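Please read the structure below before turning to the comments.
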Ligand SMILES: Nc1ncnc2c1ncn2[C@@H]1O[C@H](COP(=O)(O)OP(=O)(O)O)[C@@H](O)[C@H]1O
Ligand SMILES: [Mg+2]
């Protein structure tokens, strides 16, 4: 039984709250509980059965600082760095195909993608942001970028977004609704969930039933949206591995000529239960016509 099934069963066992057809607000869109299975209904009600006292981020638009982003070497819309654009196109193609194309058959939660690495500094955030921008830049593609590296959050800072409540506040569950933490951005199709405040129990929160249900909801309700999680590293703590079990696809970023092979082997063994693991060789020295990034894929 998967941890998601266990969470649903646990929520079902608690069985509190009367089932209503109240629409739930997620990503600013209404979900009618009539279309949700019985087990899901109870789990969702346990998660959402709180008074709505907080103000929503729905109307706020976070202005991404494109100039700063370009200065930091990110691939921004209108960028003329054709090599980098092409490399991210190559990296995103199989991910998007697995999420929406024929290849998605059999991959559960294929639209949820975790970007991780063995240790800090290998380029998770760099890859997560560039992939999010590259996918959101496509017509008709919507992306939600979640900063789940809650111990070392950096997405908001890099994008030049003011700090605001984020994943941690939502997982704490203190009257914070999902719509309170989702920020629209000045890039159509791209929304952000910041990490939120530092929390001494962030490990437990990332492994909580509320996180598991959030992943399930994101996958079930938004199959047309790519959700990218910027993850903690795999070898420093357990959160990365826990998150990897919640998503359909994992991208393992490997810093070229720096990360020892033994660490990469250890990381891949920790991802053994994941359906799809793709690897990106990052910060490789450019050698003429050769691609800056290596790219490989294995599936279990
Ligand atoms: N492909 C790349 N090209 C240039 N700089 C990069 C690249 N990947 C990462 N960096 C830089 O390396 C540093 C560490 O990357 P970061 O994404 O923050 O790592 P992580 O999130 O894994 O800790 C950052 O300063 C980032 O801008
Ligand atoms: Mg990072």
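In this note's numbering, the protein residues as written are 19 to 318. For every residue, glycine included, the Cβ atom is placed at its ideal position computed from N, Cα and C. It should be emphasised that the depicted structure is a prediction, and the values quoted were computed from it without experimental measurement.
Spatial distance of residue i from residue j (CA atoms)
i	j	result
residue 246	residue 236	11 angstroms
residue 231	residue 188	12 angstroms
residue 220	residue 157	36 angstroms
residue 266	residue 97	30 angstroms
residue 58	residue 127	Residue placement at residue 58 cannot be trusted, given a pLDDT of 42 that sits under 50; the coordinates are not used to answer.
residue 379	residue 123	Lying before the first or after the last residue shown, residue 379 is absent from the chain, which here runs from 19 to 318.
residue 113	residue 177	23 angstroms
residue 194	residue 222	18 angstroms
residue 200	residue 210	6 angstroms
residue 81	residue 105	26 angstroms
residue 49	residue 303	Its pLDDT being 36, under 50, residue 49 is placed unreliably by the model, and nothing is read from it.
residue 116	residue 273	24 angstroms
residue 34	residue 214	Confidence is the limiting factor: at residue 34 the pLDDT is only 35, short of 50, which leaves the residue's position unreliable, though a coordinate-based value still follows. Straight-line Cα distance between these residues: approximately 29 angstroms.
residue 164	residue 173	8 angstroms
residue 328	residue 299	Residue coverage of the chain in this structure runs from 19 to 318, which leaves residue 328 outside it and unanswerable.
residue 134	residue 92	18 angstroms
residue 145	residue 175	15 angstroms
Boundaries (first-last residue) of the beta strand (DSSP E) holding residue i
i	result
residue 222	First-last for residue 222: 220 to 224, but that is the alpha helix (DSSP H), not the beta strand (DSSP E).
residue 244	243 to 248
residue 2	This structure gives no information on residue 2, because the portion of the chain shown stretches from 19 to 318.
Cβ-based burial, residue i [other Cβ within 10 Å; buried from 16]
i	result
residue 275	exposed
residue 241	exposed
residue 283	exposed
residue 129	buried
residue 142	buried
residue 15	Here the chain comprises residues numbered 19 to 318, so residue 15 is not present and cannot be evaluated.
residue 385	Limits of the chain in this structure are 19 at one end and 318 at the other, which puts residue 385 out of reach.
residue 285	buried
residue 90	exposed
residue 100	exposed
Reference residue i, options the options, closest by Cα
i	options	result
residue 228	192, 254, 145	192
residue 279	136, 112, 213	136
residue 225	256, 120, 277, 299	256
residue 297	89, 132, 198	132
residue 251	171, 115, 209	171
residue 198	190, 143, 273, 183	183
residue 281	140, 207, 165	140
residue 233	115, 263, 101	263
residue 169	108, 249, 179	249
residue 118	277, 291, 216, 161	161
residue 107	120, 148, 85	148
residue 216	196, 190, 206	190
residue 258	277, 83, 196, 292	292
Test item: CB-CB of residue i and residue j under 8 angstroms
i	j	result
residue 244	residue 301	no
residue 294	residue 270	no
residue 102	residue 94	no
residue 202	residue 153	no
residue 150	residue 208	yes
residue 289	residue 268	yes
residue 204	residue 79	yes
residue 212	residue 179	yes
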